[in-house]
Every structure is written in structure tokens, then in C-alpha cells.
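Each residue of the sequence shown is one higher than the one before, counting from 5 in our numbering.
For every residue, glycine included, the Cβ atom is placed at its ideal position computed from N, Cα and C.
Here's the structure, in C-alpha cells; my notes come after.
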Amino acid sequence: MDGRLDDKHQLTKFILELVAEGVDVDDLDVCLARIGPVDLDLMAECVQELSWFFEGLEKERDAEAA
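Below is the structure:
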């Protein structure tokens with residue numbers, strides 16, 4: 005990937021893919037930085053908007069572990 009990760013749609017897609025692969029939300033910045041330079045303000049905005057998804061995913065993973 006060339007260029008800065010500053011497109012909201014593309015950044016959201018990467019975030020969802022990484023979380024689905026098991027990356028912790030707190031580690032997203034490091035993982036995304038491996039892909040390319042990241043607009044951290046936009047990343048934080050995307051994470052905030054996806055918080056409902058992360059909460060549901062966490063509950064689902066907890067239920068599977070029980």
C-alpha cells in the first residue's frame with residue numbers, strides 16, 4: 005500500500021479486518037503503521053464509530069470461550 009492511511013473508508017476496512025483477525029483495539033495503531041503512515045485522529049474517530057461492533061464482538065468471543 006502506498007501513501008498515508010487517511011481515507012476513512014479504507015481505514016475502517018483495515019480496522020475491521022485486523023480486529024476480525026484477533027488484533028486488540030489497543031494495538032491497532034501499531035498494526036496499521038506497518039501498512040503505512042496513519043492519520044491517528046481519523047483512526048480514533050473510526051474506532052469510536054465502531055465501538056458498538058467491538059463490544060458485540062467481545063461478547064461473542066466471551067460466549068465462545070465459556
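Practice prompt. With distances taken Cα to Cα, identify the nearest neighbour of residue 61 among 15, 28, 43.
Written response: In the sequence shown, counting from the first residue as 1, residue 61 sits at position 57. The residue with the shortest Cα to Cα distance from residue 61 is 28.
Discussion item. Check for me: the alpha helix (DSSP H) holding residue 33 runs from which residue to which?
Written reply: As a working mapping, residue 33 is identified with position 29 in the sequence shown. Taken as a continuous stretch (DSSP letters only), the alpha helix (DSSP H) holding residue 33 covers 32–39.
Fill in: Where the alpha helix (DSSP H) through residue 60 begins and ends
Stepping through the sequence shown from its first residue, residue 60 is reached at position 56. Segment 55–69, the alpha helix (DSSP H) holding residue 60.
Worksheet item: residue 32: buried (16+ other C-beta within 10 angstroms of its C-beta) or exposed?
Response: As a first step, residue 32 is located in the sequence shown; it is residue number 28 there, counting from the start. Answer is buried; the Cβ neighbour count reaches 16.
Fill in: Helix, strand or coil at residue 51 [DSSP, three-state]
Taking the first residue of the sequence shown as 1, we reach residue 51 at position 47. Looking at residue 51 - three-state DSSP - the assignment turns out to be helix.
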